[in-house]
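Step one of this worksheet: look at the structure below.
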Amino acid sequence: MNNEEMLKDSIRELIYNVIKEEQGKQEQIKINAGVDEIKTCDNSTDDGFVEDVTVISMQDTFCVPNAHDPEGYMKMKQSSSGRLGIWRAGPRPLSKAYVRFIADHAAAQGAVWSEVDQDIIKELGFICLESISSSKAEYLKNPNTGKRLSPESVEIVKQNANKNVNVQIVFADGLSSSAIEKNAKDVLPALQQGLKSLGLTYATPFFVTNGRVAVSEEIGELSDADVVVMLCGERPGLNSQSSLGAYVAYKPTIGMEESRRTVISNIHRSGTVPVEAGAQIAELCQSMIKHKISGVELKLI
Amino acid sequence: MKLKTRMFGKTYQFKDLNEVQAKASEQKSGDELAGLAATSKEERAAAKIVLSETLLSDIRNNPAVPYEIDDVTRVIQDQVNESVYKEIQNWTVGELRDYFMQYTSTGPIIQRIATGLTSEMIAAVTKIMSNLDLVYAARKIDNRASCVTEMGRPGIAMTRALPNHPTDNIDGVFIELYEALSYGIGDAMLGLNPVQDTVESTTYLLEKLYEFRMKWEIPTQNCVLSHLTTQMAALQKGAPVDMLFQSIAGTQKANESFGISTSMLDEAYDLGKKYCISGAKNPMYFETGEGSELSADAHMGVDMLTLEARTYGYGRRYDPFCAMSVVGFIGPEYIYDTVQQIRGGLEEHFMGKMHLFPMGVDVCYTNHMPASQNDSETLALLLAHAGMPYFVTAPMGDDIMLNYQLLGNHDLQTILELSGLRRDPAFEQWLQKMEILDDNLKFTARAGDASIFLK
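These protein sequence lines are chains A and B, in that order.
In this text, residue positions in the first sequence follow this note's numbering: the first is 1, and each later residue adds one.
In this text, residue positions in the second sequence follow this note's numbering: the first is 1, and each later residue adds one.
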């Protein structure tokens, strides 16, 4: 067990104790309050937390009893995040594996179908835009609707676009709102700091609801920045619900080829760390501005 | 050709057979995205009625994409058995459906009729069949093919193990394989989707898989699903290839976007026959998916189900060991939700069987579809009833490389116990020898312990 986990455990214990103490006091009050009160509280006894099933990694999960070679099994498991060594009840998975799956799938679907927390949008000072998708369902059924801005949003971009900046940063929920919630707070300051230290200017970032990567092309045309950095929520998997992708392009234009974008994918806590990604993207911007190109062509230099 | 009907006093007029086919299709988001779908339930019903009265000869004479401009059409039209076609050309689509349902229409009788059909006819009849019709008719048909072992025997449900890994890490791939085999998965094939599409990497993976298959004497076949050209190059350099894989689609233009052509597939087939170490009678393996033509901007105004049928018609040229459609993988813009996934899976399985090769469906969904594992389990039970010759599974259904969910390793044993189906006999014996299955074909205490392969 590492230090962080030990710390978490002791904090958890502390919280249990406090809650138990509080409960004890509450119970006492209720008993004192008389018979009527007790009736309504019959099943409200809370004995603390059910274990958080999402904390342990798949690599460390192991449920096979009397395994032929448990050490060898665990060693092999380190090379895969697959659901391995999860055992069974008859032919079916154990309850432990089943509820873990349920939790991971719920988080993955939640990432797609939820909206980004407004507090985070406010905190980061995003200017809010939306695509022409009228709903999540339409957005998923017709990806093209996520690639264009609503007429109101076009006006907002026109009003706010600073014609004389090097970089326009854009966030979009894409297929994972939680990717924005989990990573934007780290990636944005790192990126802005990086740009500043390289002597590049940037405008207030936009955030597009129901936005796909290509919506950055329209923003690029309207804002006239040299480089548009699009940070978009990636399609969630069971093991990574909050992964962000950076799609960076020099002077993007509507309907341009995918090959003109430079991509850094898999930005999340256990992938490319957000702070590092921010610095990398800043350097990319500098290189694109210097060579006046992006994507595959930039790679060839 | 009759292209209009009246329903409850209202006239429904269609401009051509492609419009009838598209609007007769069950609701799918991909056809809506392409602007081809019926705009109301009534219009869909009217199109189904018109389609049910359409003559098979009208469909033969009006292929979905013209013969002159598309080699998928040419392959389909040219492989029709003309004598059988002559017998049935004046049947309507509705009569064809009724024929399939008759008690006297046994599997071999339907298989003979199938040689006289084009893929568009098979798509048409599918559109006027209910889910239970699709299960009932498909169950009658057993198409057999062989690689190292045989697929498609009646009463047998095989599985493909899918040991995908985000970096092709060999330990990661093998622990997933051990896990699969310890659950009795893998008689259809040990089939890896690699991340790296190079001849070196493909060769390395093929060698490792072959070594493993030989060491443990596993009665199955291997496949590394890189691009066909990569596998062909590996095979030519002596890699131990059991079968050659390729994704295919229902128009020439879509196949071009996959980087393949008929002449290339012909060459691969000949190469496979001559050099595959399996000695396969059927050395090809195809994967397909509704929506792949639309996503390649190559649908030519044709609905997804018709294109899917044409894909199978194209695949039939190569008598594949098996084909598999990835029903819920392509995305919600093509197959939106559970209803469409279940319908699509049953349609694809039936249509594949009508094209006379073993047909499997990867029962799956992505996380941006409104669907869940429950829905996949439901579809899997239906497909088991329909006599699907093989399934594909991953640990707890979680593909950690492609980030989608399919059936889990546990599910096959459960399905077999419920349905009375069995694994391939040779594989069953091997599992008993490995003490994974007992005499009653139930799991032993060792089943589910991947470390029995660590020696």
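From the three backbone atoms N, C-alpha and C, an ideal C-beta is built for every residue, glycine too.
Being a predicted model, the structure only gives us computed values, none of them experimental.
Buried versus exposed, by CB contacts within 10 Å (16 or more), residue i
| i | result |
| --- | --- |
| residue 56 of chain A | exposed |
| residue 67 of chain B | exposed |
| residue 127 of chain B | buried |
| residue 165 of chain B | buried |
| residue 79 of chain A | buried |
| residue 418 of chain B | exposed |
| residue 141 of chain A | buried |
| residue 89 of chain A | exposed |
| residue 77 of chain A | buried |
| residue 345 of chain B | buried |
| residue 4 of chain B | exposed |
| residue 300 of chain A | exposed |
| residue 254 of chain A | exposed |
| residue 151 of chain A | exposed |
| residue 291 of chain A | exposed |
| residue 34 of chain A | The pLDDT assigned to residue 34 of chain A is 45, lower than 50, so where the model puts this residue is not dependable; a value taken from the coordinates is nonetheless given after this. So residue 34 of chain A ends up on the exposed side. |
| residue 164 of chain A | exposed |
| residue 147 of chain A | buried |
| residue 48 of chain B | buried |
| residue 304 of chain B | buried |
| residue 341 of chain B | buried |
| residue 69 of chain B | exposed |
| residue 221 of chain B | buried |
| residue 54 of chain B | buried |
Residue i - containing alpha helix (DSSP H), residue span
| i | result |
| --- | --- |
| residue 163 of chain A | Neither: residue 163 of chain A is in no alpha helix (DSSP H) and is coded neither H nor E. |
| residue 23 of chain B | 17-24 |
| residue 285 of chain A | 274-291 |
| residue 57 of chain B | 56-61 |
| residue 75 of chain B | 71-78 |
| residue 160 of chain B | Not the alpha helix (DSSP H): residue 160 of chain B falls in the beta strand (DSSP E), residues 158-161. |
| residue 360 of chain B | Where residue 360 of chain B is concerned, there is no enclosing alpha helix (DSSP H), although the beta strand (DSSP E) it sits in stretches over 359-361. |
| residue 452 of chain B | Unbroken run through residue 452 of chain B: none, as it is neither H nor E. |
Cα-Cα separation, residue i to residue j
| i | j | result |
| --- | --- | --- |
| residue 219 of chain B | residue 147 of chain B | 11 angstroms |
| residue 309 of chain B | residue 323 of chain B | 12 angstroms |
| residue 190 of chain B | residue 183 of chain B | 13 angstroms |
| residue 221 of chain A | residue 275 of chain B | 55 angstroms |
| residue 385 of chain B | residue 132 of chain B | 10 angstroms |
| residue 130 of chain A | residue 156 of chain A | 10 angstroms |
| residue 139 of chain B | residue 178 of chain B | 32 angstroms |
| residue 258 of chain B | residue 50 of chain A | 50 angstroms |
| residue 445 of chain B | residue 406 of chain B | 26 angstroms |
| residue 95 of chain A | residue 181 of chain A | 30 angstroms |
| residue 287 of chain A | residue 280 of chain A | 11 angstroms |
| residue 185 of chain B | residue 318 of chain B | 27 angstroms |
| residue 369 of chain B | residue 82 of chain B | 43 angstroms |
| residue 292 of chain B | residue 261 of chain A | 23 angstroms |
| residue 293 of chain A | residue 62 of chain A | 49 angstroms |
| residue 63 of chain B | residue 258 of chain A | 34 angstroms |
Where the beta strand (DSSP E) containing residue i begins and where it ends
| i | result |
| --- | --- |
| residue 222 of chain B | 222-224 |
| residue 392 of chain B | 390-394 |
| residue 228 of chain A | 227-233 |
| residue 433 of chain B | Element bounds for residue 433 of chain B: not the beta strand (DSSP E) but the alpha helix (DSSP H), 425-433. |
Legend entry - beta strand (DSSP E) runs contained entirely in the region 190-225 of chain A, provided each spans 3 or more residues: 206-209
Inset, instruction - Would you list, in chain order, the members of the region 435-451 of chain B that have their beta-carbon closer than 9 angstroms to a beta-carbon of chain A? - result: 442, 443, 445, 446, 447, 448, 449, 450, 451
Legend entry - Residues of the region 169-181 of chain B with Cβ closer than 9 angstroms to any Cβ of chain A, in chain order: 169, 170, 171, 172, 173, 174, 175, 176, 178, 179
Inset, instruction - Quick one: which residues of the region 103-127 of chain A get their C-beta closer than 7 angstroms to a C-beta of chain E? List them in chain order. - result: In summary, chain E is missing from the structure at hand, where the protein chains are A and B.
Legend entry - Interface positions of the region 197-224 of chain A facing chain B (Cβ-Cβ less than 9 angstroms), listed along the chain: none
Inset, instruction - Below 8 angstroms between beta carbons is the criterion; list the residues of the region 405-424 of chain B that meet it against any residue of chain A, in chain order. - result: Answer set for the region 405-424 of chain B: 405, 408, 410, 413, 414, 417.
Inset, instruction - Ignoring anything shorter than 3 residues or poking outside the region 243-297 of chain B, list the beta strand (DSSP E) runs there in chain order. - result: 244-247, 284-288
Legend entry - alpha helix (DSSP H) runs wholly inside the region 84-153 of chain A, at least 4 long, in chain order: 95-113, 118-123, 136-141
Legend entry - Complete runs of the alpha helix (DSSP H) confined to the region 95-154 of chain B [at least 4 residues]: 107-114, 119-127, 131-139
Legend entry - Residues within the region 233-257 of chain A neighbouring chain B, beta-carbon criterion of under 7 angstroms: 235, 236, 237, 238, 239
Inset, instruction - Taking only beta carbons into account, state which residues of the region 76-97 of chain A come closer than 9 angstroms to chain B, listed in chain order. - result: 76, 77, 78, 79, 80, 81, 82, 83, 84, 85, 86, 87, 88, 90, 91, 92, 93, 97
Inset, instruction - Give the residues from the region 159-182 of chain A that approach chain B closer than 8 angstroms (Cβ to any Cβ), ordered along the chain. - result: 175
Legend entry - Inside the region 44-79 of chain A only - alpha helix (DSSP H) runs reaching at least 4 residues: 70-77
Legend entry - Members of the region 363-376 of chain B near chain A, C-beta cut-off 9 angstroms: 366, 367, 368, 369, 370, 372, 373
Legend entry - Proximal residues, the region 135-166 of chain B versus chain A, C-beta separation under 7 angstroms: 165
Inset, instruction - Let me know the alpha helix (DSSP H) ranges lying completely inside the region 307-374 of chain B, each 4 residues or longer, listed in chain order. - result: Secondary structure remark: continuous alpha helix (DSSP H) runs of at least 4 residues inside the region 307-374 of chain B, in chain order: 338-354.
Inset, instruction - Residues of the region 302-334 of chain B with a CB closer than 7 angstroms to any CB of chain A: list them in chain order, please. - result: 332, 333
Inset, instruction - Pull out every residue of the region 134-148 of chain A whose Cβ sits closer than 7 angstroms to any Cβ of chain B, in chain order. - result: 140, 141, 142, 143
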